[in-house]
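Visitor:
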Amino acid sequence: QKEVEQNSGPLSVPEGAIASLNCTYSDRGSQSFFWYRQYSGKSPELIMSIYSNGDKEDGRFTAQLNKASQYVSLLIRDSQPSDSATYLCAEAPGRRALTFGSGTRLQVQP
Amino acid sequence: DARVTQTPRHKVTEMGQEVTMRCQPILGHNTVFWYRQTMMQGLELLAYFRNRAPLDDSGMPKDRFSAEMPDATLATLKIQPSEPRDSAVYFCASGFSGTGTDEQYFGPGTRLTVT
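Here the protein sequences come in this chain order: C and D. Just so we're aligned, residue 9 is where the first sequence starts under the working numbering, counting upward by one. Just so we're aligned, residue 214 is where the second sequence starts under the working numbering, counting upward by one.
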């Protein structure tokens, strides 16, 4: 069983809408969670990190963490075509190397 | 502009040849990671160094892969002999362990094709 689960998508949303990306993880000991954005043919780019329960906002991005449910999400407000990419969720179990989900492909339709 | 750099960016080689990939972590970072990405397997951890010491290389085929950090500014990943199934994008990432953040920053990757 993969330790970090994501729906592969594609998730299609219209421009200006809110995109909601979800991720579940299996290691209850994980303390750190990350969202990376990866454009086709490019390397993963860190866009959000979250360490405690609740919401963390950065511009149009909001990360949400619920450790009791072992659930992490990323909301993208006012989605733009330039947000079209694959979004990778990652956890750091016990401060070891990151474990990545397989990614959700987001398509923002103009 | 602090970035992880990797060379070469692209490598095409024949089966059986040796391949060496290099990575320069961000100055001041003390952790270095090697990942491999394929369509089928996604991102897989190959090796992990902290303060130049190898901490985890369980994801690496030991008979053909080796990873080293000759100094704090250079990490290498070597494949000898290479096989077609090694074709993938190899990413190096660096971070700083000690602040509790575990954030990692990726280099541009080396796209390896073994024919």
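We put the beta carbon where it would ideally sit given N, CA and C, even for glycine.
Ordered along the chain, which non-local residues of its own chain (more than five positions away) have a Cβ less than 8 Å from that of S16 (chain C)?
Guide: Position 8 of the first sequence, counted from the first residue, corresponds to residue 16 (chain C). So the list reads S110, G111, T112 and R113, once near-sequence residues are dropped.
Visitor: With a cut-off of 8 Å, does the C-beta of S40 (chain C) fall near any C-beta of chain D?
Guide: One-based indexing of the first sequence puts residue 40 (chain C) at position 32. It does; some Cβ of chain D falls within 8 Å.
Visitor: If you measure beta-carbon to beta-carbon, which residues of the segment 52 to 69 of chain C are closer than 9 Å to chain D?
Guide: Under the 9 Å Cβ criterion, the segment 52 to 69 of chain C contributes P52, E53, L54, S57 and Y59.
Visitor: Per DSSP, what kind of secondary structure is P294 (chain D) in: helix, strand or coil?
Guide: By 1-based counting over the second sequence, the position of residue 294 (chain D) is 81. P294 (chain D): coil per DSSP, three-state reduction.
Visitor: Between G24 (chain C) and chain D, is the shortest Cβ-Cβ distance under 8 Å, so that the two count as touching?
Guide: The residue labelled residue 24 (chain C) in the question sits at position 16 within the first sequence. So no, G24 (chain C) is outside the interface.
Visitor: Grab me the residues of S28 (chain C)'s own chain with a C-beta within less than 7 Å of its C-beta, minus the 5 sequence neighbours each way, in chain order.
Guide: The residue labelled residue 28 (chain C) in the question sits at position 20 within the first sequence. Excluding positions up to five away in sequence, the list reads S81 and L83.
Visitor: Check the C-beta distance from G24 (chain C) over to D91 (chain C) and give it rounded, since I have them as a contact under 8 Å.
Guide: Locating residue 24 (chain C) in the first sequence gives position 16, counting from the first residue. Locating residue 91 (chain C) in the first sequence gives position 83, counting from the first residue. The Cβ separation is near 11 Å, so there is no contact.
Visitor: Helix, strand or coil: which one does DSSP assign to P267 (chain D)?
Guide: Numbered from 1 along the second sequence, position 54 holds the residue referred to as residue 267 (chain D). Correct three-state label for P267 (chain D): strand.
Visitor: Going by the CB atoms, is the gap between G308 (chain D) and H242 (chain D) shorter than 8 Å?
Guide: In the second sequence, counting from the first residue as 1, residue 242 (chain D) sits at position 29. In the second sequence, counting from the first residue as 1, residue 308 (chain D) sits at position 95. Yes, these two residues count as a Cβ contact at 8 Å.
Visitor: So that I know if they touch, is there some Cβ in chain D lying closer than 8 Å to that of L106 (chain C)?
Guide: On the first sequence, position 98 is the one that residue 106 (chain C) refers to. At least one chain D Cβ lies under 8 Å of L106 (chain C).
Visitor: Mind checking if G111 (chain C) is an interface residue toward chain D, Cβ cutoff 8 Å exclusive?
Guide: Indexing the first sequence from 1 puts residue 111 (chain C) at position 103. At least one chain D Cβ lies under 8 Å of G111 (chain C).
Visitor: Just the chain C side, please: which residues come within less than 8 Å of E281 (chain D) by C-beta, in chain order?
Guide: Counting from one through the second sequence, the residue named residue 281 (chain D) turns up at place 68. Under the 8 Å cutoff, chain C gives no residues; its nearest Cβ is about 17 Å from E281 (chain D).
Visitor: Check the C-beta distance from F262 (chain D) over to M282 (chain D) and give it rounded, since I have them as a contact under 8 Å.
Guide: Residue 262 (chain D) sits at position 49 when you count from the first residue of the second sequence. Residue 282 (chain D) sits at position 69 when you count from the first residue of the second sequence. With 8 Å as the limit, F262 (chain D) and M282 (chain D) qualify as a contact, their Cβ atoms being about 5 Å apart.
Visitor: Of all the options C:D35, C:S51, C:E11 and C:P22, which has the alpha carbon lying nearest to the alpha carbon of T94 (chain C)?
Guide: The residue you call residue 94 (chain C) lines up with position 86 of the first sequence. For T94 (chain C), the nearest C-alpha among the options comes from C:S51.
Visitor: Assuming the contact rule is C-beta atoms closer than 8 Å, C105 (chain C) and F246 (chain D) should be a hit. Round their C-beta distance to whole Å, please.
Guide: Start at 1 with the first residue of the first sequence, and residue 105 (chain C) comes out as number 97. Start at 1 with the first residue of the second sequence, and residue 246 (chain D) comes out as number 33. According to the sequence as given, residue 105 (chain C) is Ala; it is not Cys. Indeed they touch by this definition, with Cβ atoms about 5 Å apart.
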